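For the first sequence, position 29 (counting from the first letter as 1) is numbered 29 according to our numbering, and the numbering increases by one without interruption. Glycine is no exception: its CB is placed at the ideal position from the N, C-alpha and C atoms. Keep in mind that this is a model prediction, so the values were computed, not measured. In what follows, a single structure is set out as structure tokens and then discussed.
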Amino acid sequence: MMTEITINELYEIMLKEMGPQKWWPAERWMETVVGSILIQNASAITVDPVIEEVGRQTNFDPSILQAMTQDELETLIMPAGLYRSKAKYLLAALDFFATSNFDLAQFQTIETKVLRKELRAIPGIGNETADVWLVYIFGRAQFIADSYARRLLMYLGVHEKMNYDQVKKIVMNQSEFTPDEAREFHALIDEFGKMYLRNETQFKTSWLQDYRVVQK
DNA sequence: GGCCAGGACACCA
DNA sequence: TGGTGTCATGGC
């Protein structure tokens with residue numbers, strides 16, 4: 001028997017089943033910057049130790065990180081893979097925050113749409129990383145349509161095969177989330193994803209298998 | 001041992 | 001807008 005649910009009901013069901021994931025707050029927002037870039041096309045298992053090592057060496061102090069050369073940064077993050085690109089992206093991100101003296105309060109009054117456009121202009125900050133920053137660094141209620149989220153919603157009947165923007169738009173138009181809920185939802189989806197979203201066969205063994213999300 | 005991971009980007013039609 | 005090659009390491 002299939003049970004039809006809304007996006008918000010999906011969130012409630014996942015929260016009830018899995019409990020709060022407590023992905024936040026990262027003690028330092030720079031940890032989110034580092035982590036979100038290092039995780040690009042890599043797995044948490046390989047990247048987590050690298051993030052820890054960066055923390056040991058820099059304490060996630062933006063000034064210390066920014067003082068590093070491209071070569072030094074590459075050596076530090078090499079085990080995460082794609083290290084040349086990621087070192088470049090990290091330095092570009094640091095430049096961006098440096099223009100505001102690493103003071104997040106400077107961004108508070110900027111409209112989300114405008115801020116997102118500014119983030120997307122940073123080399124290496126694409127759709128997903130921009131939304132991760134908006135949610136976990138800037139506290140905006142955005143939906144992060146990463147590959148796990150798109151797969152989950154596909155298996156739940158929301159779409160056949162849609163891209164990042166399309167899936168995000170559908171969710172944003174059909175649900176209502178506070179900033180904290182947006183953070184929790186993404187954490188729940190990714191933790192669920194690690195267990196059940198490698199493929200559809202695996203999803204069908206999960207406790208969400210008999211649900212279908214309805215379009216309003 | 002090959003496959004793949006919480007992407008982004010350049011280049012092409 | 002959509003499809004494809006590239007970047008690269010380490011875990012499974």
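Residue i (DSSP reduced to helix, strand or coil)
i	result
Val213	strand
Ser36	helix
Ser206	coil
Ser147	helix
Ala93	helix
Met162	coil
Met172	helix
Met14	helix
Ser63	helix
Gln70	helix
Phe107	helix
Lys22	coil
Pro123	coil
Gln100	For the sequence presented, residue 100 should be read as Ser rather than Gln. Correct three-state label for Ser100: coil.
Leu156	coil
Arg84	helix
Glu220	The structure shown does not extend to residue 220, since the chain is modelled only from 1 through 216, so no value can be given for it.
Paired residues, beta bridge with residue i - DSSP
i	result
Ile5	Val213
Where the alpha helix (DSSP H) containing residue i begins and where it ends
i	result
Trp133	127 to 136
Phe185	179 to 196
Glu53	44 to 58
Lys113	112 to 120
Rounded Cβ spacing between residue i and residue j (contact assumed at less than 8 Å)
i	j	result
Val50	Pro79	5 Å
Ile13	Val213	Ile13 to Val213, Cβ: 11 Å. No contact.
Ile122	Ala141	At roughly 22 Å, the Cβ-Cβ gap does not stay under 8 Å, so Ile122 and Ala141 are not in contact.
Leu264	Leu188	Only positions 1 to 216 of the chain appear in the structure, and residue 264 is not among them; the question remains open.
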